[in-house]
Amino acid sequence: MLAKFLLSKNYNVIGTCRRDSKINSKNLELLGIYNKVKLELLDITDYKSVFELIKNTKPNEIYCLAAQSSVSLSFLKPKETIDSIIIGSLNLLEAVKLSNLKAKIYFAGSSECFGPSLDFLLSEETPLNPKSPYGIAKSSAHWLVKNYRENYGIFSCTGFLFNHESPLRPKNFVTQKIIQSCIQISSGSKDFLELGNLNISRDWGWAPEYVQAMWMMLQLDCPEDFVVATGESHSLKKFVDLSFQYFGLNWKNHVKINNEFFRKTEILESKADIKKAKTILNWKPQKKIDDIIVGMIENRFD
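Residues 20 to 321 (my numbering) make up the sequence shown, in order.
1. Given a cut-off of 7 Å on the beta-carbon distance, is the pair L84 and A114 in contact?
2. Assess, as a yes-or-no matter, whether the stretch 292-309 is touched by the stretch 243-252 under the definition of 3 or more beta carbon pairs within less than 8 Å.
3. Under DSSP, the beta strand (DSSP E) around I101 begins and ends at which residues?
4. Give me the DSSP bridge partner(s) of H273.
5. Taking I33 and E59 to be in contact with their CB atoms under 8 Å, please state how far apart those CB atoms are, rounded to whole angstroms.
6. Is it buried or exposed for P149, if we count other Cβ within 10 angstroms and need 16 for buried?
7. Which two residues bound the contiguous alpha helix (DSSP H) that contains K107?
8. Restricting to Cα atoms, I'd like to know which of Y30, D62 and Y66 is closest to I52.
9. When you compare each of N318, G107, S93 and Y82 to V69 by their alpha carbons, which one comes out closest?
10. In the DSSP assignment, the beta strand (DSSP E) including K123 goes from what residue to what residue?
11. Quick one: what's got a C-beta closer than 8 Å to E277's C-beta in the same chain, skipping five residues either side?
12. What is the residue span of the alpha helix (DSSP H) that I308 lies within?
13. S254 by DSSP, collapsed to three states: which one?
14. On a Cα-Cα basis, can you pick out the residue from A226, L261, L187 and I173 that is closest to L112?
15. What does the Cβ neighbour count give for P189, buried or exposed, with the cut at 16 atoms within 10 Å?
16. For H253 versus I311, is the C-beta distance shorter than 7 Å?
17. With respect to the beta strand (DSSP E) encompassing S175, which residues constitute its N-terminal and C-terminal limits?
Okay, structure coming up:
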């Protein structure tokens, strides 16, 4: 989504792929931009390869999205999560610093950095309180970003993006799991959708709108961190209900609760304050939960 947005702004886009894996160009092909993006092999945890790429390409803007990105998987693979996010961010910051490159850098933060919102809204001033290896890694990377910004004058900022969905969302994420199950069940499948705690609440937004906010952060004269969300929180039960309603189905007839999907440190509620993004970036989300579900269903790539 980000590459497509940047291409629409007439950018020359360079994307990276891990050295130890087969190049996965599926999403680029689905978006019709595969031949418009130059792909480079990169191990984000290897400083030398990061420095060489920065030195050779001399980018004006860098969007650091590379990392293990699943909260649930971070419990199973904490080392991979820590290495890819913390070491990867440090390598990039060091490479930019030592190459004397005047690039602007966006780092992908997460609502997981904050932990539960309880009775208050989560903003840029909220103390970080991560509850997962993923959240811990993202929080550490944010502190690195802040440190390099203040100590070395590097234009580096963190976008604390809350859940952002699209038809490209991998199937191991709960929203895509729900959408795919609804489609299969509506087509006659007798399978049940197995989920964990339906009472958790999240702020779900539309990914194409969020990449615009990421870009807008790098158009500022001075780097600042921003919370990016819709400002509305809804329960997973509501997401399930609306998804099944689209197909004229009652979710209660097709969903089973599986206790194996419950986590002791599960964040029960996450509510965002997006006043800063509205005021400084002049950014405001247009799509809310109903639009997002319809968008994921009607714009899916089968």
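For every residue, glycine included, the Cβ atom is placed at its ideal position computed from N, Cα and C.
To lay it out plainly:
1. no
2. yes
3. Where I101 is concerned, there is no enclosing beta strand (DSSP E), although the alpha helix (DSSP H) it sits in stretches over P97 to I101.
4. Answer by DSSP bridge pairing: none, since H273 is not bridged.
5. 6 Å
6. buried
7. Looking at the sequence shown, residue 107 is not Lys but Gly. It spans G107 to L117 - the alpha helix (DSSP H) in which G107 sits, taken as one unbroken run.
8. Y30
9. G107
10. K123 to A127
11. Per the sequence presented here, residue 277 reads as Asn, with Glu not at that position. E213, L214 and G215.
12. I308 to E317
13. strand
14. I173
15. exposed
16. no
17. F174 to L180
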